[in-house]
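Working notes, beginning with the structure itself.
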Amino acid sequence: MDFAALLNSLGERPGDDVFVGLDRITRGEFAVLVRNYAGGLRKRKARTVGLVAGLNPPSLAFVLAAIGMGVRVDLIDPRGSTELVGSRLELSMPDFVVATPGMKFALKGPKWVRGPMRLPDWRIWPEIVAIDDVGGAQVRRFG
Numbered sequence: 001m002d003f004a005a006l007l008n009s010l011g012e013r014p015g016d017d018v019f020v021g022l023d024r025i026t027r028g029e030f031a032v033l034v035r036n037y038a039g040g041l042r043k044r045k046a047r048t049v050g051l052v053a054g055l056n057p058p059s060l061a062f063v064l065a066a067i068g069m070g071v072r073v074d075l076i077d078p079r080g081s082t083e084l085v086g087s088r089l090e091l092s093m094p095d096f097v098v099a100t101p102g103m104k105f106a107l108k109g110p111k112w113v114r115g116p117m118r119l120p121d122w123r124i125w126p127e128i129v130a131i132d133d134v135g136g137a138q139v140r141r142f143g
């Protein structure tokens with residue numbers, strides 16, 4: 001199944017719920033998320049992206065959009081030493097890193113935030129973009 005066929009299949013019953021983890025979102029809302037992320041990736045002219053996010057509807061929609069656009073997505077676990085995470089970033093060479101809004105703050109935040117979370121030094125990260133900023137404002141309903 002190609003990318004367009006996948007999006008079209010989501011539109012067949014747009015009111016049905018899609019479950020990812022504990023979050024619930026309709027098929028139509030999920031398709032809109034995928035399209036928004038695809039547009040955001042196209043606007044940013046992304047070729048490769050690092051992703052720091054758990055499994056939830058926005059991150060899954062982002063990965064589907066990236067794959068559909070031909071963008072390589074490297075999942076990066078931010079917990080570890082500065083050297084370990086830095087080498088992962090060097091290997092993947094992302095144009096930018098996408099993270100949840102809270103994680104974006106923690107990755108670039110003060111040491112008292114990064115320390116308990118075992119996050120590396122803030123200077124190793126390239127540009128970090130909140131996942132909600134990639135595709136513009138999204139209207140989501142979780143329940």
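The numbering of the sequence shown is the working numbering, which starts it at 1 and goes up by one.
By construction, the Cβ of each residue, glycine as well, lies at the ideal position given by its N, Cα and C atoms.
For VAL134, tell me which candidate among PRO126, VAL49 and VAL85 has the shortest Cα-Cα distance. In the sequence shown, residue 134 corresponds to position 134, counting from 1. Of the candidates PRO126, VAL49 and VAL85, the one whose C-alpha sits nearest the C-alpha of VAL134 is VAL49.
Reduced DSSP category for LEU51 - H, G, I as helix; E, B as strand; rest coil: On the sequence shown, position 51 is the one that residue 51 refers to. Strand, per DSSP.
Nearest CA to the CA of PHE96: which residue from ASP74, GLU83, LYS111 and PRO110? Position 96 of the sequence shown, counted from the start, is the residue given in the question as residue 96. Closest option to PHE96, Cα to Cα, is ASP74.
Sheet register partners of ASP17 (DSSP bridge): The count along the sequence shown starts at 1 and reaches residue 17 at position 17. DSSP lists THR26 as partners of ASP17.
Between ARG35 and MET69, which are expected to be in contact by the criterion C-beta below 8 Å, what is the C-beta distance as a whole number of angstroms? Stepping through the sequence shown from its first residue, residue 35 is reached at position 35. Stepping through the sequence shown from its first residue, residue 69 is reached at position 69. With a Cβ gap of about 11 Å, ARG35 and MET69 do not count as contacting.
Could you give the residue range of the alpha helix (DSSP H) that holds ALA133? Residue numbering aside, residue 133 sits at position 133 when the sequence shown is read from its first letter. At residue 133 the sequence reads Asp, which differs from the Ala that was named. Run containing ASP133: 131-134, per the alpha helix (DSSP H) assignment.
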